[in-house]
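This report concerns only the one structure given below.
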Amino acid sequence: MDVDILVVDDNSPDGTGKIADEMAARDPRIHVLHRTVKDGLGRAYIAGFKWALQRGYGYIFEMDADFSHQPRYLPDFLRGIENADLVLGSRNIPGGATENWGLHRKFLSKGGSLYARTILGVSVRDLTGGFKCFRRAVLEAIDLDTVKSNGYSFQIELTYRTLQKGFRVVETPIVFVDREYGQSKMSRKIFLEAVQMVWKLRLGMK
Numbered sequence: 184m185d186v187d188i189l190v191v192d193d194n195s196p197d198g199t200g201k202i203a204d205e206m207a208a209r210d211p212r213i214h215v216l217h218r219t220v221k222d223g224l225g226r227a228y229i230a231g232f233k234w235a236l237q238r239g240y241g242y243i244f245e246m247d248a249d250f251s252h253q254p255r256y257l258p259d260f261l262r263g264i265e266n267a268d269l270v271l272g273s274r275n276i277p278g279g280a281t282e283n284w285g286l287h288r289k290f291l292s293k294g295g296s297l298y299a300r301t302i303l304g305v306s307v308r309d310l311t312g313g314f315k316c317f318r319r320a321v322l323e324a325i326d327l328d329t330v331k332s333n334g335y336s337f338q339i340e341l342t343y344r345t346l347q348k349g350f351r352v353v354e355t356p357i358v359f360v361d362r363e364y365g366q367s368k369m370s371r372k373i374f375l376e377a378v379q380m381v382w383k384l385r386l387g388m389k
């Protein structure tokens, strides 16, 4: 299967955009979407999704570019999507795990998934995971312009809305390896947004 790569760069100060442009100049399968406004993770993902939908891609992956989401799992996703609408890379099912995380980070991740799963009444074990493969029909049905979350809760909202639309979601185990360089973008503001957004989703609030 032919695969194209889109790098969404929010004017990163570390030169990510320039490196991505150089790679794209050498390989026609690599593309770069530059955004001048840094307005959050969720908006960056949505911009990438719209780019892919406009160009007719059938399967659309979402993954981090720092190798925390390891490319070696991509064949597992492609096998899973044959009988599903969304395949989610899960750290919380047998075979899944995290590496190089402290107790606080593990507690936050597992606790956040349990909290969201309990309130929303769904069986997905890793609601906060961001390594995903969508069928294009899912992203078309969700109406990306109506997605409200922008931080930690973005992953929860997309998976929940996928389930609400009646699509089939399956999980495939992954080992999430913490980044070697840079810092997590998790903050108190992002965490509180997630706590509140789960209830808004549950109550059907706009």
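Letter by letter, the sequence shown follows residues 184 to 389 in the numbering used here.
Ideal Cβ placement from N, Cα and C applies to all residues, glycine included.
Just so it is clear, the structure is predicted and the values come from calculations on it, not from any experiment.
Please identify the residue among the options whose C-alpha is closest to the C-alpha of residue i.
i, options, result
"Asn-266", "Thr-342, Val-352, Glu-376", "Val-352"
"Gly-334", "Ile-276, Ser-292, Leu-224, Gly-313", "Leu-224"
"Asp-249", "Gln-347, Thr-199, Pro-277", "Thr-199"
"Val-321", "Leu-310, Ser-332, Leu-303, Leu-341", "Leu-341"
"Pro-277", "Trp-234, Leu-257, Leu-384, Thr-355", "Thr-355"
"Phe-350", "Ser-332, Glu-323, Lys-331", "Glu-323"
"Asp-328", "Gly-231, Pro-196, Asp-185, Ala-207", "Gly-231"
"Asp-210", "Ala-299, Val-186, Arg-226, Asp-197", "Val-186"
"Val-330", "Arg-226, Ala-299, Lys-289", "Arg-226"
Just reading off the alpha helix (DSSP H) that residue i is part of, what are its end residues?
i, result
"Arg-288", "286 to 303"
"Tyr-343", "336 to 347"
"Glu-205", "199 to 209"
"Asp-192", "Here Asp-192 belongs to no alpha helix (DSSP H); instead the beta strand (DSSP E) covers 188 to 192."
Determine the contact status of residue i and residue j, defining contact as a CB-CB distance below 8 Å.
i, j, result
"Leu-236", "Arg-319", "yes"
"Val-215", "Asp-204", "yes"
"Val-358", "Gly-279", "yes"
"Gly-313", "Asp-259", "no"
"Tyr-228", "Phe-337", "yes"
"Ala-377", "Ile-325", "no"
"Gly-285", "Thr-311", "no"
"Trp-382", "Ile-302", "yes"
"Asp-193", "Arg-218", "yes"
Just curious, the beta strand (DSSP E) that residue i is in, first and last residue?
i, result
"Val-220", "No beta strand (DSSP E) holds Val-220; DSSP gives it neither H nor E."
"Arg-318", "315 to 318"
"Phe-244", "242 to 245"
CB-CB under 6 Å to residue i, same chain, minus the five flanking residues each way: which ones, in chain order?
i, result
"Thr-281", "Arg-274, Phe-359"
Among residues of its own chain, excluding the 5 on either side of residue i, which ones have a beta-carbon nearer than 7 Å to its beta-carbon?
i, result
"Tyr-240", "Arg-319"
"Lys-389", "Unreliable placement is indicated for Lys-389, whose pLDDT of 47 sits below 50; no coordinate value is reported for it."
Any idea which residues DSSP pairs residue i with across the strands?
i, result
"Gly-272", "Thr-355"
Who are the near neighbours of residue i in its chain, counting only those whose CB is closer than 8 Å to its CB and skipping five residues on each side?
i, result
"Ile-264", "Tyr-242, Val-270, Cys-316, Arg-318"
"Ser-292", "Arg-274, Thr-281, Trp-284, Thr-311"
"Tyr-256", "Gly-272, Phe-314, Thr-355, Ile-357"
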